[in-house]
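Scroll down for the structure; my scribbles are underneath it.
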Amino acid sequence: MSRRGRSGVLGVFAHLDTTTDAIRRLRRDGYPLTVYSPTPRHEIEESLEAPESAVRIFTLMGAFTGSAAGAALAVWASLDWPLIVGGKVIVALPAFSIIIFELTILLGALSTVAGLFLTGRLPRIGRPEALYHPSFSGGQFGVFAHVGSDRFDAVRTIMTDSGSEEVLLDQA
Amino acid sequence: MKPKLRPQRTEAQEAKMATEIRSVFHPEVRNYEQVNRDAMRLISRPGKGYLALLGLSIAMVGMAAIAFGYQVFYGIGWAGLTNPSGWGTFITTFVFWVGIGHAGTLISAILFLFRAPWRQAIYRLAEAMTVFAVLTAALFPIIHIGRPWFFYWLLPLPSERGLWPNFRSPLIWDVFAVTTYLTVSTVFFYIGLIPDIAAARDSTKEPWRKKVFTVLALGWRGSDREWKNFTRAYLFLAALATPLVLSVHSVVSWDFAVSIVPGWHTTIFAPYFVAGAILSGIALVVSIAVPVRKVFRLEAYLTDLHFDRMAKLLMLTSLIVGFAYGTEYFMAWYSAELFERDVFFDRVFGQYWWGGWSMITFNALVPQLLWIPKIRRNLNAFFVISILVNIGMWYERFVIIVPSLAHSYEPWRFLNYHMSYSEAAILIGSFGWFFMWMLLFLRFLPALSIAEIKEILPPPFKHHPVEALVEDQEERVVETLPTGYEEFERR
Numbered sequence: 002m003s004r005r006g007r008s009g010v011l012g013v014f015a016h017l018d019t020t021t022d023a024i025r026r027l028r029r030d031g032y033p034l035t036v037y038s039p040t041p042r043h044e045i046e047e048s049l050e051a052p053e054s055a056v057r058i059f060t061l062m063g064a065f066t067g068s069a070a071g072a073a074l075a076v077w078a079s080l081d082w083p084l085i086v087g088g089k090v091i092v093a094l095p096a097f098s099i100i101i102f103e104l105t106i107l108l109g110a111l112s113t114v115a116g117l118f119l120t121g122r123l124p125r126i127g128r129p130e131a132l133y134h135p136s137f138s139g140g141q142f143g144v145f146a147h148v149g150s151d152r153f154d155a156v157r158t159i160m161t162d163s164g165s166e167e168v169l170l171d172q173a
Numbered sequence: 012m013k014p015k016l017r018p019q020r021t022e023a024q025e026a027k028m029a030t031e032i033r034s035v036f037h038p039e040v041r042n043y044e045q046v047n048r049d050a051m052r053l054i055s056r057p058g059k060g061y062l063a064l065l066g067l068s069i070a071m072v073g074m075a076a077i078a079f080g081y082q083v084f085y086g087i088g089w090a091g092l093t094n095p096s097g098w099g100t101f102i103t104t105f106v107f108w109v110g111i112g113h114a115g116t117l118i119s120a121i122l123f124l125f126r127a128p129w130r131q132a133i134y135r136l137a138e139a140m141t142v143f144a145v146l147t148a149a150l151f152p153i154i155h156i157g158r159p160w161f162f163y164w165l166l167p168l169p170s171e172r173g174l175w176p177n178f179r180s181p182l183i184w185d186v187f188a189v190t191t192y193l194t195v196s197t198v199f200f201y202i203g204l205i206p207d208i209a210a211a212r213d214s215t216k217e218p219w220r221k222k223v224f225t226v227l228a229l230g231w232r233g234s235d236r237e238w239k240n241f242t243r244a245y246l247f248l249a250a251l252a253t254p255l256v257l258s259v260h261s262v263v264s265w266d267f268a269v270s271i272v273p274g275w276h277t278t279i280f281a282p283y284f285v286a287g288a289i290l291s292g293i294a295l296v297v298s299i300a301v302p303v304r305k306v307f308r309l310e311a312y313l314t315d316l317h318f319d320r321m322a323k324l325l326m327l328t329s330l331i332v333g334f335a336y337g338t339e340y341f342m343a344w345y346s347a348e349l350f351e352r353d354v355f356f357d358r359v360f361g362q363y364w365w366g367g368w369s370m371i372t373f374n375a376l377v378p379q380l381l382w383i384p385k386i387r388r389n390l391n392a393f394f395v396i397s398i399l400v401n402i403g404m405w406y407e408r409f410v411i412i413v414p415s416l417a418h419s420y421e422p423w424r425f426l427n428y429h430m431s432y433s434e435a436a437i438l439i440g441s442f443g444w445f446f447m448w449m450l451l452f453l454r455f456l457p458a459l460s461i462a463e464i465k466e467i468l469p470p471p472f473k474h475h476p477v478e479a480l481v482e483d484q485e486e487r488v489v490e491t492l493p494t495g496y497e498e499f500e501r502r
């Protein structure tokens with residue numbers, strides 16, 4: 002994908018079908034896009050044909066790390082300070098399975114959040130990735146094409162043809 | 012295959028068909044913007060009633076703080092705890108609040124995995140309740156240990172004496188279970204809130220609120236990259252939270268079941284406690300949702316259908332709990348164990364008969380009234396039942412904990428436990444603490460999940476094939492169609 006500049010054209014859409022229509026047409030012409038929606042819609046994801054999110058790798062790695070950490074902590078600490086009670090085993094795996102389980106969940110969840118932050122580029126401090134309009138968290142959809150000012154007219158035509166309510170330009 | 016937005020109809024039917032499509036779960040919600048407006052209505056200037064309730068809650072917390080101060084100063088003997096009843100009101104209340112904290116994750120994670128669309132409107136409220144209930148519960152072991160400044164002894168921290176906690180002890184399992192649950196449910200709650208805080212940021216007019224929301228929203232814009240990773244992360248968090256929620260109360264139950272105290276030493280405790288936890292949690296969700304719906308006029312979101320589904324969950328868990336009560340008595344009788352039989356006889360005919368009968372009546376019998384549709388659909392009746400279940404569930408924990416200790420093996424050790432004034436003050440204060448957070452939450456953060464309710468609303472379409480078809484027709488019938496539901500069904 003070509004490098005995303007901040008300058009570009011933002012189309013504001015009131016309907017889902019006009020948004021996906023614009024996405025398909027702009028993608029056909031090879032423009033890199035940022036799409037805003039008030040709620041996750043599979044129609045938008047399908048029209049963008051984006052690859053699967055990498056969050057799942059973080060979840061898996063975090064969960065495995067948690068299991069290993071839980072087992073290591075309980076086993077090592079029990080061997081380091083052996084509490085001998087009636088000749089019972091020191092490394093008691095049925096009892097430790099609870100510690101292992103809890104740390105699996107804990108680290109799995111925390112690394113999922115870390116994965117979300119890294120892949121979703123959150124928290125975003127400073128200027129947003131592309132021009133934004135507050136109505137996108139209300140009821141409107143937005144399609145921003147990252148293009149230089151020489152392609153503004155071509156993109157604007159596609160946006161209005163697809164049914165955009167309003168087209169905004171960002172020269173920056 | 013792409014999901015279709017409406018059910019199949021014949022051409023003739025289509026021709027006469029509707030112009031407006033609404034979700035069956037929220038037939039009165041017209042469009043996306045309305046959700047924002049209604050959710051933001053909750054975050055408005057508080058009235059006198061709200062401030063009075065908040066003041067009352069804070070006063071209750073203050074009362075508990077004074078009682079706790081006395082207990083720290085004079086020692087744990089200030090509470091009614093003594094031999095043989097080393098566990099009393101504090102542990103009862105701890106188990107009660109951990110149990111309350113189960114409904115939120117049930118609704119937010121388990122129903123999410125089951126794709127139950129009625130969860131969307133209610134889950135934020137339930138999830139906030141979970142976080143605050145576990146926050147309340149976590150206070151009680153610290154209050155109960157008497158010397159709270161030594162709490163860190165429970166954590167696996169390196170010390171110069173080379174001591175480590177005993178990982179074979181159920182109490183250490185409990186520390187791990189409750190702290191993990193508090194962390195994961197808080198994280199889950201906050202991650203779910205981010206898009207809605209961003210929506211609040213975009214629509215609020217007050218400058219200081221805008222600043223706070225801007226920080227909390229982490230720069231969320233609802234871009235395709237954010238949504239794609241968000242939906243996956245949310246799914247995995249739900250998948251991790253589901254076994255967690257089932258494990259937490261199981262681990263709490265093993266605090267009891269792993270010991271040999273009569274009435275505690277049983278294999279059914281884990282499922283019995285989890286079912287009881289969900290019963291009490293759903294009951295408190297109803298106790299909070301009914302007044303919230305009335306005060307904030309949220310009839311379009313918390314519809315009768317939502318309460319009907321919750322009533323059914325309540326009935327199911329009540330039946331499980333009732334079955335567990337029966338099983339406990341059967342096992343005590345069938346085991347022919349003198350001490351076991353004696354403890355169970357004592358629960359309903361001994362010193363604590365009022366607790367035993369309250370628990371059986373309020374948890375197993377009263378919720379069965381919900382089988383009658385007229386009662387189930389009457390919110391006032393449902394509200395009263397939910398309060399009774401809450402009282403019954405507190406008694407259940409009391410009946411499990413106290414009579415077993417006060418009336419265990421040797422008759423010369425039998426001694427009845429009585430709640431002291433300081434314990435009563437701390438018990439009342441725990442409700443103040445919980446409702447203080449709940450009230451603050453209702454006014455400062457979006458209590459309706461803005462983005463998730465939109466997921467089950469039909470999306471706005473310009474060139475809808477059916478709409479195009481009826482454009483020339485004179486007759487236009489507005490009908491609600493189960494679009495959101497259909498989509499969920501087909502996914």
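Quick mapping for you: the protein sequence lines, in order, are chains A and B. Going from the first sequence to the numbering used here is simple: count from 1 and add 1. Going from the second sequence to the numbering used here is simple: count from 1 and add 11. For each residue, glycine too, the CB sits at the ideal point set by N, CA and C.
- Within 7 Å of the CB of Arg179(B), the CB atoms of chain A belong to Ala93, Ala96, in sequence order along the chain.
- Counting C-beta pairs with one atom in each stretch, the region 369-389 of chain B and the region 63-74 of chain B have fewer than three that are closer than 8 Å, which means they do not touch.
- Setting aside the 5 residues that flank it on each side, Leu117(B) is surrounded in the same chain by Ile289, each with a C-beta closer than 6 Å to its C-beta; the list follows chain order.
- Close partners of Asp171(A) in chain B (Cβ separation under 9 Å) are lacking, with about 14 Å as the shortest Cβ gap.
- Residue nearest to Ile153(B) within the set Thr190(B), Leu124(B), Thr242(B) is Thr190(B) (criterion: CA-CA distance).
- With its beta carbon less than 7 Å from one in chain B, His16(A) belongs to the interface.
- Contact between Leu229(B) and Arg125(A) is confirmed by a C-beta separation of about 7 Å, below the 8 Å threshold.
- Interface flag for Ile100(A) against chain B is set, since a Cβ pair is found closer than 7 Å.
- Closest option to Val269(B), judged by alpha-carbon separation, among Tyr406(B), Ser258(B), Gly337(B), Leu182(B): Leu182(B).
- In this chain, Asp266(B) is not harboured by any beta strand (DSSP E); it is covered by the alpha helix (DSSP H) spanning 235-268.
- Listed as beta-bridge partners of Gly9(A) by DSSP are His147(A), Asp171(A).
- Where Tyr37(A) is concerned, the enclosing beta strand (DSSP E) starts and stops at 34-37.
- Spatial neighbours of Leu227(B) in its own chain (CB-CB distance under 7 Å, excluding positions within 5 residues in sequence) are listed in chain order as Ile208.
- With contacts defined as CB atoms closer than 7 Å, Val13(A) and Gly164(A) fail to qualify as a contacting pair.
- For Ala110(A), the chain B residues whose Cβ falls inside 7 Å of its Cβ are Val195, Val198, Leu248, Leu251, in order along the chain.
- Its chain contains no residue whose beta carbon lies nearer than 6 Å to that of Asn391(B) once the 5 sequence neighbours on both sides are disregarded.
- In chain order, Gly403, Tyr406, Glu407, Val410 place their CB closer than 6 Å to the CB of Met370(B), counting only its own chain and leaving out the 5 sequence neighbours on each side.
- In the DSSP assignment, Met321(B) falls within the unbroken alpha helix (DSSP H) covering 315-346.
- Annotated three-state conformation of Phe14(A) is strand, per DSSP.
- For Leu27(A), the closest Cβ of chain B is not nearer than 7 Å.
- For Leu170(A) against Phe145(A), the beta-carbon gap comes to about 11 Å, at or over 8 Å, which does not count as contact.
- In the three-state reduction of the DSSP assignment, Phe142(A) falls in the strand class, which pools E and B.
- DSSP places Met140(B) in the uninterrupted alpha helix (DSSP H) bounded by 130-155.
- Within the region 49-66 of chain A, the residues whose Cβ lies closer than 7 Å to some Cβ of chain B are Leu49, Ala51, Ser54, Val56, Arg57, Thr60, listed in chain order.
- Comparing alpha carbon positions, the residue from Ala15(A), Tyr133(A), Glu53(A), Thr158(A) closest to Ser234(B) is Tyr133(A).
- By a beta-carbon distance limit of 8 Å, Ile467(B) does not contact Phe151(B). Their separation comes to about 38 Å.
- In its own chain, leaving out the 5 sequence neighbours on each side, no residue places its CB closer than 6 Å to the CB of Thr242(B).
- The closest CA to that of Val400(B), considering only Val303(B), Ser298(B), Pro471(B), Phe472(B), is found on Ser298(B).
- The Cβ-Cβ distance between Thr278(B) and Ile121(B) does not fall below 7 Å.
- Non-local C-beta neighbours of Val142(B) in its own chain, meaning closer than 6 Å and more than five positions away in sequence, comprise Ser196, Thr197, Phe200, ordered along the chain.
- Under a criterion of Cβ atoms nearer than 8 Å, the residues of chain B adjacent to Pro124(A) are, in order, Leu229, Gly230.
- At least 7 Å separates the CB of Ile85(A) from every CB of chain B.
- Using beta-carbon distances, Leu174(B) counts as an interface residue toward chain A, with a partner under 7 Å.
- Take Met62(A), set aside five residues on each side of it, and the residues of its chain with a beta-carbon closer than 7 Å to its own are Ser112, in chain order.
- Annotation: the continuous alpha helix (DSSP H) that includes Ala114(B) extends over 100-116.
- The beta carbon of Lys473(B) sits closer than 7 Å to some beta carbon of chain A.
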